[in-house]
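J.: Residue numbers (the working numbering): 14 to 136.
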């Protein structure tokens, strides 16, 4: 609701409030917060939240991994995009062309051609 109401920062704060109250947010909560931030143009904050989720040992699902890969590509985080794509592949997640394209673009833009070729090999 906060994300749809133009208040994506409140979504991220709700996640942090849940954690400070002893309630562990699940991957669905993190995905909703990530998407709200990213769609509001707050990609850096979305990726920070993704890192917090990883630190909390919440396993991302394929939907969140795909969102994070695309966000990493937009913010020139080639190795993070590659590692997430690799995780998606090895976890059996369904690979799609837009996600693969984003990972390849991130790698190529950072002159990481070996990783780009590996992504293409995963496809």
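Glycine included, C-beta positions come from ideal geometry on N, C-alpha and C.
State the Cα-Cα distance for the pair residue 80 and residue 109, rounded to the nearest angstrom.
T.: On the chain shown, position 67 is the one that residue 80 refers to. On the chain shown, position 96 is the one that residue 109 refers to. One C-alpha to the other measures close to 12 Å.
J.: To the nearest angstrom, report how far apart residue 111 and residue 53 are at their CA atoms.
T.: What you label residue 111 is simply residue 98 of the chain shown in a count that begins at 1. What you label residue 53 is simply residue 40 of the chain shown in a count that begins at 1. Looking at the two C-alpha atoms, the distance is approximately 20 Å.
J.: Do you know how far the Cα of residue 51 is from the Cα of residue 32?
T.: Position 19 of the chain shown, counted from the first residue, corresponds to residue 32. Position 38 of the chain shown, counted from the first residue, corresponds to residue 51. Cα-Cα distance, rounded: 21 Å.
J.: Can you say whether residue 41 is buried or exposed, counting buried as having 16 or more other CB atoms within 10 angstroms of its CB?
T.: As a first step, residue 41 must be located in the chain shown, where it is residue number 28. Note on residue 41: under 16 other CB atoms within 10 angstroms of its CB, so exposed under the neighbour-count rule.
J.: Could you please give the first and the last residue of the uninterrupted alpha helix (DSSP H) stretch that includes residue 49?
T.: The residue given as residue 49 occupies position 36 in the chain shown. Residue 49 -> alpha helix (DSSP H) spans 40-52.
J.: Could you compute how far the alpha carbon of residue 94 sits from the alpha carbon of residue 116?
T.: Here residue 94 is taken as the residue at index 81 of the chain shown, counted from 1. Here residue 116 is taken as the residue at index 103 of the chain shown, counted from 1. Each residue's alpha carbon lies about 6 Å from the other.
J.: Using alpha carbons as the reference points, say which of 60, 74, 27 lies closest to residue 105.
T.: On the chain shown, position 92 is the one that residue 105 refers to. The shortest C-alpha separation from residue 105 is found at 74.
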